[in-house]
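So the structure is just underneath, and the comments pick up after that.
4 protein chains.
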Amino acid sequence: MKNTFGESVSVTLFGESHGIAIGAILDGMAPGIDVDEDFIAHQMNLRRSVSSLSTARKEADVVHIVSGVVNGKTTGTPITFIIQNGDQHSRDYEKMKTIARPGHADYTAFCKYHGFSDTRGGGHFSGRITAGLVAAGAVAIQALKKHGIHIGTHIAKCAGVSDRGFDNMKDDIALLNAQSFAVLDEKQGEHMKEAIAKAKAEGDSVGGILETAVIGFPEGVGEPWFDTLESMLSHALFSVPAVKGVEFGDGFALANMKGSTANDNFRIENDVITTETNHNGGILGGISNGMPILFRAAIKPTPSIYKEQKTVNFGTNENTDLVIKGRHDPAIVHRARVVVDSVTALVLCDMLALRFGTDYLQNGGKI
Amino acid sequence: MKNTFGESVSVTLFGESHGIAIGAILDGMAPGIDVDEDFIAHQMNLRRSVSSLSTARKEADVVHIVSGVVNGKTTGTPITFIIQNGDQHSRDYEKMKTIARPGHADYTAFCKYHGFSDTRGGGHFSGRITAGLVAAGAVAIQALKKHGIHIGTHIAKCAGVSDRGFDNMKDDIALLNAQSFAVLDEKQGEHMKEAIAKAKAEGDSVGGILETAVIGFPEGVGEPWFDTLESMLSHALFSVPAVKGVEFGDGFALANMKGSTANDNFRIENDVITTETNHNGGILGGISNGMPILFRAAIKPTPSIYKEQKTVNFGTNENTDLVIKGRHDPAIVHRARVVVDSVTALVLCDMLALRFGTDYLQNGGKI
Amino acid sequence: MKNTFGESVSVTLFGESHGIAIGAILDGMAPGIDVDEDFIAHQMNLRRSVSSLSTARKEADVVHIVSGVVNGKTTGTPITFIIQNGDQHSRDYEKMKTIARPGHADYTAFCKYHGFSDTRGGGHFSGRITAGLVAAGAVAIQALKKHGIHIGTHIAKCAGVSDRGFDNMKDDIALLNAQSFAVLDEKQGEHMKEAIAKAKAEGDSVGGILETAVIGFPEGVGEPWFDTLESMLSHALFSVPAVKGVEFGDGFALANMKGSTANDNFRIENDVITTETNHNGGILGGISNGMPILFRAAIKPTPSIYKEQKTVNFGTNENTDLVIKGRHDPAIVHRARVVVDSVTALVLCDMLALRFGTDYLQNGGKI
Amino acid sequence: MKNTFGESVSVTLFGESHGIAIGAILDGMAPGIDVDEDFIAHQMNLRRSVSSLSTARKEADVVHIVSGVVNGKTTGTPITFIIQNGDQHSRDYEKMKTIARPGHADYTAFCKYHGFSDTRGGGHFSGRITAGLVAAGAVAIQALKKHGIHIGTHIAKCAGVSDRGFDNMKDDIALLNAQSFAVLDEKQGEHMKEAIAKAKAEGDSVGGILETAVIGFPEGVGEPWFDTLESMLSHALFSVPAVKGVEFGDGFALANMKGSTANDNFRIENDVITTETNHNGGILGGISNGMPILFRAAIKPTPSIYKEQKTVNFGTNENTDLVIKGRHDPAIVHRARVVVDSVTALVLCDMLALRFGTDYLQNGGKI
């Protein structure tokens, strides 16, 4: 399968940056789940994040649901989200058709599609395609929320500035989901924004690290081999543009620990089994243990920068210099946050449906 | 799918640590590929790595190929590898049946399988199950080698000691594949072994980081969304026991770079397009660009330690103290190396077959 | 997966009969394939087949391609077909919401979706959803045609009237693809139409048998177990509404033959291997043998009839009588023909891409 | 995927007719299901059906379960069935290596595997490979039985002789499952056996039709498109060797009916909804309706016959005459019966697990 992910709950993405429309199909969600179009719009806004920090592209990004929802509830059949493309300056891209922007997919797309793919604005590789993911993810996020499963992501690091870690997870998640620039320490967030603005002024860009917590997820979900919970989440996370690293729990830091530190001791109280620490990020042997699921994703700096770069023209097979014009973001880490939340929710809905059946997340009775 | 991975080339794992046999089925390999049983045995030895550093379990680990190979060549139909289990001390485990070893899958297995799973020696969650992966991977590794695709993994870090980085990749890969404790700098390897021995003496364990390079892999392989090359590799890597982090190219370090540094400039010479640097690890937009594929996997310290630990008995719902007896490794990072090579080879064979057809890796003509 | 089919080339269907729009996503087609919108419109017309025989629903059925095609050629990324729904009389259906029309999916949809699915006009179960399949199939049919693979289907039987069998396959296929009521013997076609008209006058409906031939398909495609060519084709065919039987070659008639008759003798001439007969329909051991692929699909009579029927109201749990009003077809066999051609083409494109790689059907060079 | 079928519950087949061993892996069965090795042996015997009617190959067909079962219950992890091959006369086949037996897969295997596949006794294409399916199916059949889901198949027709149809389904199914030559009318069974013996005497072979009934299967299972219950069952059935046709309910006979006859009227009594007739075989819109699931599979006559046949030697590219020696069956329809039951059970277990979760069929409490 190519642009589809998930077995019981799946999402299919389509569209190109400067085509007629982009969107997604969300299939397999239980019937009877509330679809809150305001929340979808809220999530879309988080992704667009139009501000001094971000791209000047001004898309309305109105999500049209053309199937799968009746009277504000999922029908159980495919939900189709369509977002018209409006603000297109395709001429900007025509002359760059065969010039490989460093760090972008232009050259690899050429290798794969032999020059037939849509190159305008990155085409099907554009970060804009995540808009469909976010629309689909919004439905998944709310379905999980109704079952007490909450997802929150903060910018743990950006341009060298670190946020504080999670403390009271429930409160922290609520806090993050109310923010457009998601940090736990507001002051550190301001420092990040300053660093982003500085990079922009230099014609450069910055990256960052997103840290995600999921609370309320039941134990016993995931497979011992291949479809471990970590495998499924990382599979989806690594298809979010610019993600170059994923770690669960203490991740790479575990490599430096002793076993006596890394092991999370189990404790039982009132018949509830928890661990004293959570270095393993809520997953043992590929299966959830009921503790918060914790992971971090590394976001590389936006490859579109204003500085002159050396590259090749693969149409003429010549070396060339390149100065990218037009709008582009000095950072996308704050926008990628909602994409990470979205793919997380979609994977978790799929894993829950596979484990507990297709009606599991249904919130409502019979007709 | 549960214990099966791959679409065109797939592997299925079976068996329990103290059951009758373990093994794997490798399906979809092109017909006519040489199967070198000596090389399989070599790889099995790397995984067992019986030494002062490792577990005392003395399995012969003889791989029986019971289908899919005729006259030393793949037939194109499923190849079944069976490894008999010999050295079983199941009584050691019976009394621990409901005691959750911290850092292990005992408790999550119980949540998923409701007490019916085989608990002896970790059962189906045991690292021993990777023996089947290694056997299957050995065939894949050699098929790739015949096509000029070489895979090498070194212990980039262990117990706080760092190896040098890759330099001349071809030579380095050859060097690594001749070693049982795979490091590029022999002296650093000695320091690592000392640190492992020290941890062992303390009844503790250590982790590490494995770094892998793949050279000769063609450009244009991978999907833009969901089945990116990074997604597929990480999916497989995160099902290797103890892997808690995966990063491509400079990975998490990219989060601190500026775009002007992180971007890899393209250059063309003699009609061959390369990049000057390889911060992106040979993958852009989810698709290979012809440069070496580079990634790192974080291995947590072995959860089995001799020190007393606090945990629960989930059979009686009581807190308890635990001292694990029997053999176990103070480190598995050096043994996990060949498992990482194996899953890498299996994923790459699958991606190549999906991209270029099922005969792509065939090395030989018609009958 | 639910509303998606195919591994390398896949199709996803969405929409409800009386929703805003219906459509399909075709993913994985090779880049550079010509997309002929006139041919798509032609196929859509075959499916609608507005005539005295068919439903009065007058949809323009204009197919909008919103992604995946640039300059009339496939890009290699998902192709999205959207067809707006226009002519909706949803009130007709509101009062029937919980009345199970015999032979329809109303009751089973209720069992699966607990009353949340769109019930207007059959919702997602409507034959109208095949419009998306036909649009996607049109691209696949033309891609195959460029490679010399031709598909033709005729109404082998309808309302008890039989068409003649295939004779000169190439000519017959060309003949069929130029017809809206696809028969090889025009006179028999007239008899079928009369029989359909008679059933209509009685408020009743009729079924039929569609017979399909594929010529030019290469040998060596299909898997020995599970993904046999017959398995894949039947999987797709049985999701075409009203199909209740599928047979390959002589199918059920083989059950009455002796082996000495049923076996197709091989012959070689000019190094080309063929069989003297084709009782096995071009498939042996699940794999194509280079002979024409032949199969037949049984289409049950349209369940919507004007006669009074006995049924239940599953909302009130009462028995009731039902007289269906509104438009409906006395036969769909002539319309189902193009749907059968479409799913056939889609399955064959998928099997070819899996076997020979994703570029196999590409018709054009590099940029 | 190639030799693997199923999403939540899957089966993987391996082995060649004259290799070391054949077998299957059954993955995804709920934990805690009873595994009755006597019943497995019983089913294996039904498949072997050593008698005057069948092949002289005398394999013990002892099934070794090497993983996935502890204390007679499924663990929830992969169950591996291994059957050693004993009675091999490989020399018989060596000289026929490149001679295409008409009706067999020899030539298509050559096209696909380029001469590398195991040709002895049909290799991986041999009907013998169904032994693994039957072992896996036996576990599935018993898991379903515990939940009141019963499967029965009879030889509806063989060599032109017809059995009576199903009457009291529960009794008929019980009757069939106690028979080695499964017919509802014993006398007709004798006529069939006479006809088979006559064909054998003539050096010829016969085919037949198997009819299957499933009772107790819950309503609401199946997908509207692509993964309809009919699609999934036919997918599996068409990978049973020699199956060339599959029909549900009245199948091809529906093509000749009027809608007023074909429609099954619904009735409700004591809040239980049933249909008065069952022309649709328990499936509407691809989804089960709670009525018995009914289907028929056409089995072609055994292609191995003693009569001289014309064929080609694809090694030398010459026409040749062929007289097949050695043992072979004049009919396999009576042996295919248990294979059909097995794949039916496996598909139904998968569909139930996808619909209701992986624990659905579990028969037992917690530890």
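Protein chains in written order, with this note's numbering: chain A, 928 to 1294; chain B, 928 to 1294; chain C, 928 to 1294; chain D, 928 to 1294. Positions of the beta carbon are idealized from the N, C-alpha and C atoms, including for glycine. Given the structure is predicted, the values throughout are model-derived calculations rather than measurements.
Please list, in chain order, the residues of the segment 1184-1201 of chain A that have any C-beta partner in chain B closer than 9 Å.
Correct list: Met1184, Lys1185, Gly1186, Ser1187, Thr1188, Ala1189, Asn1190, Asp1191, Asn1192, Phe1193, Arg1194, Ile1195, Glu1196, Asp1198, Ile1200.
Check whether Phe907 of chain D and Pro1029 of chain C have beta carbons under 8 Å apart
With chain D running from 928 to 1294 in the structure shown, residue 907 of chain D is simply not present.
So Glu934 of chain A packs on Leu1281 of chain A, CB below 8 Å; how close in whole Å?
Indeed they touch by this definition, with Cβ atoms about 6 Å apart.
Of the residues that make up the segment 942-958 of chain D, which ones have a beta carbon closer than 8 Å to any beta carbon in chain B?
Under the 8 Å Cβ criterion, the segment 942-958 of chain D contributes Gly942, Glu943, Gly946, Ile947, Ala948, Ile949, Gly950, Ile952, Asp954, Gly955, Pro958.
Same chain, Cβ closer than 7 Å to Phe1037 of chain C, five either side skipped, listed in chain order
Shown here for Phe1037 of chain C: same chain residues with a beta carbon closer than 7 Å to its own, the five before and five after excluded, namely Phe1241 in chain order.
Delimiting residues of the alpha helix (DSSP H) encompassing Asp1364 of chain C
Residue 1364 of chain C lies beyond the residue range present for chain C, which begins at 928 and ends at 1294; the question has no answer from this structure.
C-alpha gap between Glu1082 of chain B and Asp1177 of chain A, whole angstroms
The sequence given here places Ile at residue 1082 of chain B; Glu does not occur at that position. One C-alpha to the other measures close to 19 Å.
Go ahead and label Val1239 of chain B buried or exposed: buried means 16 or more other beta carbons lie within 10 angstroms of its beta carbon, across all protein chains shown.
Sixteen is the threshold: when 16 or more other Cβ atoms of the shown chains lie within 10 Å of the Cβ of Val1239 of chain B, as they do, the residue is buried.
Quick one: using the 10 Å Cβ neighbour count with 16 as the cut-off for buried, is Leu1275 of chain C buried or exposed?
Looking at its Cβ environment, which holds 16 or more other Cβ atoms inside 10 Å, Leu1275 of chain C is buried.
Would DSSP call Asp1112 of chain A helix, strand or coil?
In the three-state scheme derived from DSSP, where H, G and I count as helix and E and B as strand, Asp1112 of chain A is classed as coil.
Compare the Cα-Cα distances from Gly1059 of chain B to each of B:Asp1277, B:Val1270, B:Glu1146 and report the closest residue.
Of all alpha-carbon atoms in B:Asp1277, B:Val1270, B:Glu1146, the one lying nearest the alpha-carbon of Gly1059 of chain B is that of B:Val1270.
Does Leu953 of chain D come out as helix, strand or coil in the three-state DSSP assignment?
In the structure shown, Leu953 of chain D sits in a strand (DSSP, three-state: E or B).
Report the CB separation of Gly1064 of chain A from Ala1272 of chain A in whole angstroms; it is logged as a contact under 8 Å.
Indeed, because the Cβ distance is near 5 Å, the residues count as touching under 8 Å.
Can you tell me which of the three DSSP states Ile1226 of chain C falls into?
It is a strand residue.
Contact list for the segment 1035-1056 of chain A against chain C, Cβ threshold 8 Å
For the segment 1035-1056 of chain A, which is checked against every Cβ of chain C, the residues closer than 8 Å are Phe1037, Lys1039, Tyr1040, His1041, Gly1042, Phe1043, Ser1044, Asp1045, Gly1050, His1051.
Can you confirm whether Met928 of chain C, when its beta carbon is compared against all beta carbons of chain D, has any partner nearer than 8 Å?
True, the Cβ-Cβ gap to chain D drops below 8 Å.
Taking 8 Å as the threshold, find out whether the segment 1129-1138 of chain A comes into contact with the segment 1215-1225 of chain A through three or more Cβ pairs.
Contact check between the segment 1129-1138 of chain A and the segment 1215-1225 of chain A: three or more CB pairs, one atom from each, fall below 8 Å, which counts as touching.
For a contact defined as C-beta to C-beta under 9 Å, what are the partners of Gly1134 of chain C on chain D?
The contacting residues are Leu1181, Ala1182, Asn1183, Met1184, Lys1185, Gly1186, Ala1189.
Quick one: measure Cβ to Cβ for Asn1190 of chain A and Gln1236 of chain B, integer angstroms, because I've assumed they're closer than 8 Å.
Your pair Asn1190 of chain A and Gln1236 of chain B checks out as a contact, with CB atoms roughly 6 Å apart and the cut at 8 Å.
Residues of the segment 1231-1253 of chain A with Cβ closer than 8 Å to any Cβ of chain B, in chain order
Listed in sequence order: Ser1231, Ile1232, Lys1234, Gln1236, Lys1237, Thr1238, Val1239, Phe1241, Asn1244, Glu1245, Asn1246.
Are any of the Cβ atoms in chain D nearer than 8 Å to that of Glu1146 of chain A?
Output row for Glu1146 of chain A: interface = no.
Under the three-state DSSP convention, the category Asp961 of chain B falls into:
The three-state reading of DSSP puts Asp961 of chain B in strand, counting E and B together.
Answer yes or no: does any C-beta atom of chain C fall closer than 8 Å to that of Asp1098 of chain D?
Not one beta carbon of chain C lies nearer than 8 Å to the beta carbon of Asp1098 of chain D.
Where do the ends of the alpha helix (DSSP H) carrying Phe1179 of chain A lie?
Here Phe1179 of chain A belongs to no alpha helix (DSSP H), and DSSP marks it neither H nor E.
Name the chain C residues whose beta carbon is nearer than 9 Å to that of Phe1283 of chain B?
For Phe1283 of chain B, the neighbours in chain C by C-beta distance under 9 Å run, in chain order, Phe1283, Gly1284, Thr1285, Asp1286.
Taking Ala1101 of chain B as part of the alpha helix (DSSP H), name the residues at either end of that continuous run.
Boundaries of the alpha helix (DSSP H) around Ala1101 of chain B: 1096-1104.
Determine, using beta carbons only, whether Pro1219 of chain A comes closer than 8 Å to chain B.
Chain B contact via Cβ: absent.
Residue range of the unbroken alpha helix (DSSP H) whose run includes Thr1271 of chain B
Its alpha helix (DSSP H) spans residues 1260-1283.
Alpha carbon to alpha carbon, what distance is there between Gly1143 of chain D and His1077 of chain D?
Roughly 7 Å between the two C-alpha positions.
Candidates B:Thr1002, B:Pro1168, B:Leu1102, of which the one nearest Gly1049 of chain D by Cα:
Here the closest residue by C-alpha is B:Thr1002.
Proximity test, Cβ basis, 8 Å: Ile1214 of chain B and chain A:
Chain A contact via Cβ: present.
Are the C-beta of Ser937 of chain B and some C-beta of chain C separated by less than 8 Å?
With its beta carbon at least 8 Å from every one in chain C, Ser937 of chain B lies outside the interface.
Give me the residue from D:Val1260, D:Val1265, D:Ser1044, D:Ile1200 with the minimum Cα distance to Asn1246 of chain C.
It is D:Ile1200 whose Cα lies nearest to the Cα of Asn1246 of chain C.
What residues from the segment 1116-1141 of chain D come within 7 Å of chain C, judged by C-beta to C-beta, listed N to C?
Listed by position along the chain: Ala1126, Asp1131, Ser1132, Val1133, Gly1134, Gly1135, Ile1136.
Ordered along the chain, which non-local residues of its own chain (more than five positions away) have a Cβ less than 7 Å from that of Ala1263 of chain C?
Counting only Cβ-Cβ distances below 7 Å, and skipping sequence neighbours, we find Leu1137, Val1167, Ala1169, Ile1226.
In the structure shown, what three-state DSSP assignment does Glu1117 of chain D receive?
DSSP places Glu1117 of chain D in helix when its eight states are reduced to three.
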